[in-house]
Amino acid sequence: MVVTQLVLGGDLSLFQISTQNGDNLQIHILCLGSDRSSVCLNKVIKDFFSEHDKDIIYMCPFNGALKGKVFITNYRLYFKSADADPAVTLNVPLGVIGRVEKMGGASSRGENSYGLDITCKDMRNLRFALKQEGHSRRDIFDILFRYAFPVSHGLVSTQEKYEENGWNVFKPMEEFRRQGLPNEKWRITFVNETYELCDTYPTILAVPFRSSDEDLRKVSAFRSRGRIPVLSWIHRENQAVICRCSQPLVGMSGKRNKDDERYLDLIREANGTAKLTIYDARPSVNAVANKATGGGYEGDDAYQNAELVFLDIHNIHVMRESLKKLKDIVYPNVEESHWLSSLESTHWLEHIKLVISGAIQVADKISGGNSVVVHCSDGWDRTAQLTSLAMLMLDGHYRTLRGFQVLLEKEWISFGHKFASRIGHGDKNHADQDRSPIFVQFIDCVWQMTKQFPTAFEFNERLLVTILDHLFSCRFGTFLYNCESARDTNEVRSKTVSLWSLVNSEASSYQNPFYTPECSRVLYPVASMRHLELWVTYYIRWNPRIRQQQSPVEQRYMELLALRDEYLKKLEELQLTDSSPNSSHLSNSSTPNAASPTQHITHLHTPF
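Numbered by our numbering, the letters in the sequence shown go through residues 618 to 1225 in order.
Below, the structure written as structure tokens:
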């Protein structure tokens, strides 16, 4: 039996079900309720397929061996236990699957020794045992492989409907205008409109006013992947800027490029900074080693008006191994007796500390009126972490629900973080050395900040978990492909739905009830091991024995907010009643100075 999800809509899903009995192939089309309703999917499949599905045993690490049914669509793997009460269910988007392996062989002996091992990208592993006769394992393995690791990554248009189009969240020119750009020191250029200058950069860039497009082309030849220094953020008052780029192509011979040197001087001169600070995210040893492959760093001789600071953040391979170690200690079981030493051995929180510490240095330098340039090797991993975290500390707009979406679209998506390569979307090569949890690490850093400043962020933890879930799921087009040019080529905006369509259509679910707007406040989190925590809600959420309970204060606050919304709704209804034709004589008799219902709502204050 093969279940193919044909259309995913806001209120319904369309499935094609293929069942074969000998040479007789039967195809059924089935219309279900919303994709978001697993109960509906559960019931219809149970009723419709009782004759066709196969028994399977889920080797649950918490409840033991569970008999049940498994169904596979072209989007998810769904399992429901048959005997357990309450029923145990698994709902795994196929994009989350990183590896599928056969367990045991035809001659395997022992109970439940024949089946499939599934390694997921979201901190869990699944094991299913099957009967050895009837090719039951082969059928499931083939279907999983076909849909989880497709030969083609061609996009099929989806029709999931939401109240808002999330693709409209980020408009580069609007964001530049919000920052006060262009101005007399910085201009907007379209030199990369066809991605000729740099195929991993966005089409619209902010550069020093005194630099010409020809200057940009010359600088591009001296920067890795053509990723020249461009403006990410400007301080409204002191005009200090955060610029991002890739490493210079110095090489072993210590090559120089006068155009690049002059260009960095233009960045420095834009606000009269005495010395431009260049933050190289790498350990100095790694930066020196990169000279052997043609890369390198800005030397004192060539860049006399700049100071170079190494931030000692390790590369993608170190981060990948660190998260693997973390997964080993949190799933399936948490070893209580050696928990602290086991956590320390992963070095995960140490890496979090270094990233946050580096971003603090960037933010502090900007607050002091000094412009900075940030880069690592290619400028799409550690660089994005540092610039976006620093901007989150400096600019309260990015701490709002929509502002955070703009930040991700701008610093991560448009500037070419290699989501497809780092996550391995649809790639069966689980050992690919390009894979790394760089974006997961960044979201962890954001979570650490929300813990230290619980009233400073308009969004809540649920948003962060949702973002990471759909980073892997491939349900939305937001994180597909490696760069903007690839997304344009594959028509992502027209063929897929943005994650922000979902989020902004259910905004109240992702809002922090304790949020207090303080747009001008700069946040300086404490980057100390004593103040950093493991994000249990994300990393250990699959363990039913370790689940954090919602704070009773937060729960009560949410209830009060719901009560406030109810009162506001009633007030609006009264307003509409008062403004109806039957009530027109009331408005005619009002005095010129009387406040309108709208004015009353504007100045309404509640104790909630």
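Glycine residues also receive a C-beta, built at the ideal position from the N, C-alpha and C atoms.
Since the model is a prediction, treat every value here as computed from it, not as a measurement.
| Item | Value |
| --- | --- |
| Three-state secondary structure (DSSP) at residue 735? | strand |
| Between 1089, 806 and 1034, which lies nearest to residue 1043 when the distance is taken from Cα to Cα? | 1089 |
| For residue 979 versus residue 1001, is the C-beta spacing smaller than 8 angstroms? | no |
| Counting C-beta neighbours from all protein chains within 10 Å, is the total for residue 1161 16 or more, i.e. buried, or is it exposed? | exposed |
| Do residue 1037 and residue 950 have their CB atoms nearer than 8 angstroms? | no |
| So, with DSSP's three-state summary, where would you put residue 744? | strand |
| Please state if the CB of residue 1144 and the CB of residue 973 are separated by a distance shorter than 8 angstroms. | yes |
| Any idea what DSSP makes of residue 708, helix, strand or coil? | strand |
| Skipping 5 residues on each side, what residues in its chain have a beta carbon closer than 6 angstroms to that of residue 1045? | 766 |
| May I ask you to report which of helix, strand or coil DSSP gives residue 802? | coil |
| In three-state terms, what does DSSP make of residue 989? | strand |
| Could you tell me whether the Cβ atoms of residue 1028 and residue 994 are closer together than 8 angstroms? | no |
| Quick check on residue 1100: does DSSP put it in helix, strand or coil? | coil |
| Using alpha carbons as the reference points, say which of 839, 1128, 1095 and 1126 lies closest to residue 1033. | 1095 |
| Look at the Cβ atom of residue 867, then the Cβ atom of residue 914, and state whether they are nearer than 8 angstroms. | yes |
| Given residue 970, which residues of its chain have a CB within under 8 angstroms of its CB, disregarding the five upstream and five downstream residues? | 1144, 1145, 1146 and 1149 |
| Using a Cβ-Cβ cutoff of less than 7 angstroms, which residues in the same chain neighbour residue 1136 once the five nearest sequence positions on both sides are dropped? | 1013 and 1014 |
| Give the C-beta separation of residue 990 and residue 815 to the nearest angstrom, bearing in mind that I take them to be a contact with Cβ-Cβ under 8 angstroms. | So it is not a contact: roughly 16 angstroms between Cβ atoms. |
| Where do the ends of the beta strand (DSSP E) carrying residue 688 lie? | 681 to 689 |
| Can you find the residues in the same chain that come closer than 6 angstroms, C-beta to C-beta, to residue 764, ignoring five residues on each side of it along the sequence? | 691 and 711 |
| From residue 1141 to residue 858, what does the alpha carbon distance come to, in whole angstroms? | 18 angstroms |
| Going by DSSP in three states, residue 1062 sits in which element: helix, strand or coil? | helix |
| Just to confirm, are residue 744 and residue 732 a CB contact at a threshold of 8 angstroms? | yes |
| With burial defined as no fewer than 16 other Cβ atoms inside 10 Å of the residue's Cβ, what is the status of residue 646: buried or exposed? | Here the model assigns residue 646 a pLDDT of 39, short of 50, so the residue's position is not dependable, and the following value carries that caveat. By the neighbour-count rule (16 or more Cβ atoms within 10 Å), residue 646 is not buried but exposed. |
| Under three-state DSSP, which class holds residue 861? | strand |
| Leaving out five residues before and five after residue 1072 in sequence, what residues of the same chain have Cβ atoms less than 7 angstroms from its Cβ? | 1131, 1132 and 1133 |
| Can you tell me whether residue 1058 is buried or exposed? The criterion is at least 16 other CB atoms within 10 Å of its CB, across all chains shown. | buried |
| Give the single residue among 781, 850 and 834 whose Cα lies nearest to the Cα of residue 843. | 834 |
| Going by CA-CA distance only, name the one from 803, 819 and 804 that's closest to residue 810. | 819 |
| How far does the alpha helix (DSSP H) with residue 930 in it reach, from first residue to last? | Careful: residue 930 lies outside any alpha helix (DSSP H) and carries neither H nor E. |
| Please check the pair residue 887 and residue 799, which I expect to be a contact at CB under 8 angstroms, by giving their CB distance rounded to whole angstroms. | 12 angstroms between Cβ atoms; not a contact. |
| Between the Cα of residue 916 and those of 875, 942, 964 and 930, spot the shortest distance and give me the residue it belongs to. | 875 |
| Taking residue 752 as the reference, which of 739, 722 and 1050 has the closest Cα? | 722 |
| Alpha carbon to alpha carbon, how far is residue 954 from residue 850? Give it in angstroms, no decimals. | 47 angstroms |
| In angstroms, rounded to a whole number, what distance separates the CA positions of residue 681 and residue 1054? | 31 angstroms |
| Tell me, to the nearest whole angstrom, how far the beta carbon of residue 968 is from that of residue 1010; I am working on the premise that it is less than 8 angstroms. | Actually they do not touch by this definition, with Cβ atoms about 19 angstroms apart. |
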